[in-house]
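A.B. asks: Chains H and G, in that order, give the protein sequences.
The numbers in full-length UniProt numbering rise by one with no breaks, and the one at position 78 of the first sequence is 78.
The numbers in full-length UniProt numbering rise by one with no breaks, and the one at position 20 of the second sequence is 20.
Even glycine gets a Cβ: it sits at the ideal position worked out from N, Cα and C.
2 protein chains.
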Amino acid sequence: MNMKVFSEKVGLSSHTLRYYEKIGLLNQVQRNASGHRVYGKKEEVWVGFIKRLKETGMPLEEVLRYATLREAGGSTLLERQHLLEKHREGLMRHIEQQQAHLSVLEEKIDLYKSGKVA
Amino acid sequence: MNMKVFSEKVGLSSHTLRYYEKIGLLNQVQRNASGHRVYGKKEEVWVGFIKRLKETGMPLEEVLRYATLREAGGSTLLERQHLLEKHREGLMRHIEQQQAHLSVLEEKIDLYKSGKVA
DNA sequence: ATACAAGTTAGAGTTCACTCTAAGTCAAGC
DNA sequence: GCTTGACTTAGAGTGAACTCTAACTTGTAT
Chain H
1 MNMKVFSEKV
11 GLSSHTLRYY
21 EKIGLLNQVQ
31 RNASGHRVYG
41 KKEEVWVGFI
51 KRLKETGMPL
61 EEVLRYATLR
71 EAGGSTLLER
81 QHLLEKHREG
91 LMRHIEQQQA
101 HLSVLEEKID
111 LYKSGKVA
Chain G
1 MNMKVFSEKV
11 GLSSHTLRYY
21 EKIGLLNQVQ
31 RNASGHRVYG
41 KKEEVWVGFI
51 KRLKETGMPL
61 EEVLRYATLR
71 EAGGSTLLER
81 QHLLEKHREG
91 LMRHIEQQQA
101 HLSVLEEKID
111 LYKSGKVA
């Protein structure tokens, strides 16, 4: 799979994919004879996971920590688990907070609907 | 209420408060004889609302649209309501997406716990 | 053979939302 | 009266995550 196809498949620009590679988030990408990148299923799954972590508000630096542990092999399993568990806690708190904000927003909208706001 | 007290009360730095003023988010702040800002309850409530919108992911530019409509008076009530309703829809979708991400994350953590991940 | 689309690199530029700096004025305690 | 801390302004600097540019090479369709 070349850059163009992969880029469209994962929904990230070629610029972004090269940027991820540069910061160490996406290593060991194969090259063909002429130096062009060749992506496979492995990269597709991994980029999908990166995107999920990012969408849940994890900064790239922490995604990179996970990526680095992952590349270090099986001895880092527990540390990776803890990293994800910590992230889950944050995500749960985030969801709760957003739900609280939603309630207040709905109250505000009700004030508008009943003409009680100037 | 002077800068220091207000800053601590609303949890934003004096820099940020002046920045909000500069971009038009916080207008008509009173000044005392020597040109220092004097904040009141009105500003406190308004900054609280700004913070809530911001925390739900609204960019400052859109908060500013709301602020501008608000200052334009009663003729913009419906437009403000629509803006908030649109934001509510986005927020609801965001919460749903985060909940989906949380489920996947929990599955991943379970894989780590049961030793099914390398 | 020739377009032209897509690939490569290093590095510069952009956007958002602050955050800080410089240079100066003002206020409160001793 | 003097130090210390808070205030003022305009404008520069920061960090995250891209996003784009220039200059060049490669691949594909006619």
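Go ahead and pull the three-state DSSP assignment for residue 81 of chain G.
C.D. replies: Counting from one through the second sequence, the residue named residue 81 of chain G turns up at place 81. Residue state, collapsed to three classes: helix.
A.B. asks: Can you tell me whether DSSP reads residue 28 of chain G as helix, strand or coil?
C.D. replies: Here residue 28 of chain G refers to the residue found at position 28 of the second sequence. If DSSP states are grouped into helix, strand and coil, residue 28 of chain G belongs with coil.
A.B. asks: Using three-state DSSP, classify residue 38 of chain G as helix, strand or coil.
C.D. replies: Against the second sequence, residue 38 of chain G aligns to sequence position 38. In this structure, residue 38 of chain G counts as strand in the three-state DSSP scheme.
A.B. asks: Under 8 Å Cβ-Cβ, which residues of chain H neighbour residue 74 of chain G?
C.D. replies: Looking up residue 74 of chain G in the second sequence gives position 74. Those are 118, listed as they occur along chain H.
A.B. asks: If the cut-off is 7 Å on Cβ atoms, which residues from the region 45-72 of chain H count as contacting chain G, listed in chain order?
C.D. replies: Of all residues in the region 45-72 of chain H, 52, 55 and 56 have a Cβ within less than 7 Å of some Cβ in chain G.
A.B. asks: Taking 9 Å as the threshold (beta carbon to beta carbon), is residue 104 of chain H in contact with chain G?
C.D. replies: Residue numbering aside, residue 104 of chain H sits at position 104 when the first sequence is read from its first letter. Answer yes: the Cβ-Cβ gap between residue 104 of chain H and chain G drops below 9 Å somewhere.
A.B. asks: What is the DSSP secondary structure of residue 92 of chain G, counted as helix, strand or coil?
C.D. replies: Position 92 of the second sequence, counted from the start, is the residue given in the question as residue 92 of chain G. In the structure shown, residue 92 of chain G sits in a helix (DSSP, three-state: H, G or I).
A.B. asks: The alpha helix (DSSP H) with residue 5 of chain G in it runs from where to where?
C.D. replies: Sequence index remark: in the second sequence, residue 5 of chain G carries index 5 (1-based). Unbroken alpha helix (DSSP H) run through residue 5 of chain G: 3-10.
A.B. asks: Please identify, using Cβ separations under 9 Å, the residues of the region 87-101 of chain H that lie next to chain G, in order along the chain.
C.D. replies: Result list: 87, 88, 91, 92, 94, 95, 97, 98, 99 and 101.
A.B. asks: Out of curiosity, what's the CA-to-CA distance linking residue 59 of chain H and residue 66 of chain H?
C.D. replies: For this step, residue 59 of chain H is matched to residue 59 along the first sequence. For this step, residue 66 of chain H is matched to residue 66 along the first sequence. The alpha-carbon atoms of residue 59 of chain H and residue 66 of chain H are separated by roughly 11 Å.
A.B. asks: Here's the rule: buried if 16 or more other CB atoms are within 10 angstroms of the residue's CB, otherwise exposed. What is residue 43 of chain H?
C.D. replies: As a working note, residue 43 of chain H is residue 43 in the first sequence. It counts as buried.
A.B. asks: Whose Cβ in chain G lies nearer than 9 Å to the Cβ of residue 120 of chain H?
C.D. replies: The question about residue 120 of chain H has no answer here: the residues shown for chain H are numbered 1 through 118.
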